[in-house]
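A.B. asks: Quick one: this structure, given as structure tokens, is what I'll be asking you about.
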Amino acid sequence: MDLLADYRRATMFFETGDPSGAARLLEPIIDAEPGNAAVRQLLARAYFQSAQLNRAEEHLRELVERDPSDHYAHHVLGRTLERLNRHTDALRHLRIAAAMYAANDDYRAALERVETRLGGRR
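Position 77 (the sequence shown) corresponds to 77 in UniProt numbering; numbering is contiguous.
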């Protein structure tokens, strides 16, 4: 198995709109290299894009646990929890991401959307 070639193919699949195909290629790579954050992040994004949200959450939680300063992992975890209608859980991660990288408009928009959704129930 050529892990680098498979990772490159998975990236191409993801970028051309086939997140399920990307995930199929990435799953054996993450089994072989469980500590590889780049592979885990792409796999989580592929799961997110293909609406495999529980799988995405699992990998994103692993990324956040390993590196609590990973603002992108917090953001995507927050977005995943938002899509799972777990807005209260999402709010924490979206706040962390927005606080770490305040200049990011996507982070701010996601945070505002969930805060609005929750209204006064924060």
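Virtual Cβ for every residue (Gly too), placed ideally from N, Cα, C. All values reported here derive from a predicted model rather than from experimental measurement.
1) Starting from Asn54 and walking both ways along the alpha helix (DSSP H), at which residues does that stretch end?
2) Taking 8 Å as the limit between beta carbons, can you name the residues of its chain near Leu91, skipping five residues before and five after?
3) Tell me which residues share the same chain as Gln49 and place their Cβ nearer than 7 Å to its Cβ, disregarding the 5 neighbours each side in the sequence.
4) Rank Leu42, Met100, Leu26 and His75 by C-alpha distance to the C-alpha of Asp89 and give the top, closest one.
5) Only counting the same chain, and skipping five residues up and downstream in sequence, which positions put a Cβ closer than 7 Å to that of Arg95?
6) Could you compute how far the alpha carbon of Ala46 sits from the alpha carbon of Ala23?
7) Would you decide whether Thr80 is buried or exposed? Buried here means 16 or more other CB atoms lie within 10 Å of its CB.
8) Considering only residues of the same chain and omitting the five flanking positions on each side of Ala102, which have a CB-CB separation below 8 Å?
9) Buried or exposed, going by whether 16 or more other CB atoms sit within 10 Å of the CB of Ala73?
C.D. replies: Short version:
1) Leu53 to Arg66
2) Gly78, Leu111, Val114, Glu115, Leu118 and Arg122
3) Pro19
4) His75
5) If you ignore the 5 residues before and after Arg95, its C-beta comes within less than 7 Å of the C-beta of Leu111, all in its own chain and listed in chain order.
6) 6 Å
7) Classification of Thr80: buried, given that the 10 Å Cβ count is 16 or more.
8) Within the same chain, Arg108 come within 8 Å of Ala102 by CB-CB distance, once the 5 residues on both sides are set aside.
9) Here Ala73 is buried: its Cβ has 16 or more other Cβ atoms, across all protein chains shown, within 10 Å.
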